[in-house]
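Only one structure is covered here, and it is reproduced in the block below.
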Amino acid sequence: MKHRGRHRRRRRGRALRATLAGTALALTATATMISTSQATDADDPGALKPLTAAADTVPLRLTEHAVPGAELNRLTASMGPAVGVGAVLADPDGTLQDAGACTEDDRRALPVEPAVTAAYCWPERDTEGWRAGAVTTSGDADEDGRWGAHRVVLSGWTRATGTPAEQGLARVAFVAADDGRAPRYTWAVLAVPVDGGRDLRGLGSDVSGMVWYQDKLLVTAGRGEGEALYVFDLDRVQRATVDAVTVGRVPGGWSAAGARYVLPAVASYATAGAGAPRPGGLALDRGTAPDSLVVHEETAPDEDGPTRLWRYAFGPRPDRGALLRPEPVAAYETELTRVRGVLAHGPDWYVSRAAGTADERGTLWRQNTEGADPVRCGADETYRCWSGPATSLSYWQATGDVWSQSGRMLFALPLAAVDEALER
């Protein structure tokens, strides 16, 4: 089990970047083949607007609902001993491909600017019918960037096709992103205990946001769930014993919809009633005291905005009490619409905006209470440099990299490179 204490910050990952230098050059060549001459996204969203009135902040208040320990213990007694991240990583389902071996269509989903320094694609056989979602890493989990002996990326996916029971099913890939090794991954289905811990149901959620903090994983809940966030304990991964299409108890044992592992929720958070915004994307900010969870609002593609951004402080002892403090500690509005990812670093908020059509690229902005700047690329300084379908943003503090996911591509690039592209 990973210790809960903090460490002095240590810089890691240099060897991984060095081995990927050739890949970055190849990706840049591919990216420049993709047109950046689309019309400039000239609508400047301006400065963030602080929200301080009670009418704006009360709907953001969280209510925690913990799964009783007796129910979790009953589930473990029936399913067998729980395992941790290390055991899951040691039992891989497959290996990601380096970007150079991925198809041109897959690589087309990568940003034009800044150039990526690490990129991989998922095997089509393992992701067909699934939609890529949020990313978080062991850089969120602990300041040294490792979980035990491993550097780990967690990649969220949502079932997009299949039977009504299958659609909306959520799963997470545990990816071993260790230096000098091809990333190997293992699937675990997300589930919710029911019937007093005697059974499980699959979490029906679009995994648009995810943060790994200490030994807990926070995941956004879909609109049909009735909750805002679900919490999972990464020391409580359970093994499936039967290979069936459903999630939960089946004749002869327990099934995880084809996966070999299942992760039961240990708690959930709800926002304050009708009209409360639903979290669409999550990120961790270690630059606050205490650490905080950064959130952007989920909005429909055709909404005109504005979009709300806010943060919650983590509790002083998350291992012994509530993971999150219920009241937001800061809230803002941005005029950007179709927001798909958010980071906060110092006074700045980095916000990714989805493309208007499937053929267009998205944009990436840095905003604060004084103004906004877009990442630019190309001779005409178009703003459309980011990946159109890219999802959440996750900052790995120990390496300085931002991780994201776009289609079947998982990629990383330095936050410093984002700032350089903003300052052109």
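Residue numbers (mature numbering (1 follows the signal peptide of the UniProt record, and there is no 0)): -39 to -1, 1 to 385. Glycine included, each C-beta is placed from N, C-alpha and C at the ideal position.
| message | Only counting the same chain, and skipping five residues up and downstream in sequence, which positions put a Cβ closer than 6 Å to that of Glu282? | response | Looking up residue 282 in the sequence shown gives position 321. Looking at the sequence shown, residue 282 is not Glu but Gly. Gly276.
| said: Beta-carbon within less than 6 Å of Asp252's beta-carbon, same chain only, minus the 5 sequence neighbours each way: which residues are those? | reply: Against the sequence shown, residue 252 aligns to sequence position 291. Counting only Cβ-Cβ distances below 6 Å, and skipping sequence neighbours, we find Phe275.
| message | According to DSSP, Asn329 sits in a beta bridge with which residue or residues? | response | Walking along the sequence shown from the start, residue 329 turns up at place 368. Answer by DSSP bridge pairing, in chain order: Gly332.
| request: May I ask you to report which of helix, strand or coil DSSP gives Ser99? | output: In the sequence shown, the residue the question calls residue 99 occupies position 138. In this structure, Ser99 counts as helix in the three-state DSSP scheme.
| Spatial neighbours of Glu296 in its chain, beta-carbon cut-off 7 Å, leaving aside the 5 residues before and after | Counting from one through the sequence shown, the residue named residue 296 turns up at place 335. Within the same chain, Glu296 has close Cβ partners Pro6, Gly7, Gly266, Pro267.
| Which term fits Val93, buried or exposed, when burial requires 16 or more other beta carbons within 10 angstroms of its beta carbon? | As a working mapping, residue 93 is identified with position 132 in the sequence shown. What sits at residue 93 in the sequence shown is Ala, not Val. Buried, because 16 or more other Cβ atoms sit within 10 Å of the Cβ of Ala93.
| Close beta carbons around Val198, own chain, < 8 Å, minus the five adjacent residues each side | Position 237 of the sequence shown, counting from 1, holds the residue named residue 198. Excluding positions up to five away in sequence, the list reads Ala43, Val44, Gly45, Val46, Ala48, Val49, Ala149, Tyr222, Val223, Leu224.
| message | Rounded to the nearest angstrom, what separates Leu12 and Gly117 at their Cα positions? | response | Working through the sequence shown from its first residue, we reach residue 12 at position 51. Working through the sequence shown from its first residue, we reach residue 117 at position 156. Each residue's alpha carbon lies about 31 Å from the other.
| field | Distance, Ala315 Cα to Gly349 Cα | value | Translated into the one-based positions of the sequence shown, residue 349 becomes position 388. Translated into the one-based positions of the sequence shown, residue 315 becomes position 354. So the alpha carbons of these two residues sit roughly 5 Å apart.
| As assigned by DSSP and simplified to three states, the class of Glu381 | Within the sequence shown, residue 381 is the residue found at index 420, counting from 1. In the structure shown, Glu381 sits in a helix (DSSP, three-state: H, G or I).
| message | Let me check one thing: in DSSP terms, what residues is Ala373 bridge-paired to? | response | Translated into positions along the sequence shown, residue 373 becomes position 412. Answer is Ala79, Trp364.
| query | Are Trp271 and Ala244 touching if we call contact CB-CB under 8 Å? | reply | By 1-based counting over the sequence shown, the position of residue 271 is 310. By 1-based counting over the sequence shown, the position of residue 244 is 283. Not in contact: Trp271 and Ala244 (Cβ atoms no closer than 8 Å).
| query | Using the C-alpha atoms, what's the distance from Cys338 back to Gly163? | reply | Stepping through the sequence shown from its first residue, residue 163 is reached at position 202. Stepping through the sequence shown from its first residue, residue 338 is reached at position 377. Gly163 and Cys338: Cα-Cα distance of roughly 42 Å.
| Proximity to His111 [Cα-Cα], best of Arg142, Arg120, Ala121 | As a position in the sequence shown, residue 111 is number 150, starting the count at 1. Of the listed residues, the one whose Cα sits closest to His111 is Arg142.
| Distance CB(Ala228)-CB(Ala27) smaller than 8 Å | In the sequence shown, counting from the first residue as 1, residue 228 sits at position 267. In the sequence shown, counting from the first residue as 1, residue 27 sits at position 66. In contact: Ala228 and Ala27 (Cβ atoms closer than 8 Å).
| said: Using 8 Å as the cut-off, can you tell me whether the stretch 126 to 136 makes contact with the stretch 165 to 185, which would need three or more C-beta pairs spanning the two stretches below that distance? | reply: yes
| message | Between Val256 and chain C, is the shortest Cβ-Cβ distance under 8 Å, so that the two count as touching? | response | No chain C is present in this structure, which holds just one protein chain.
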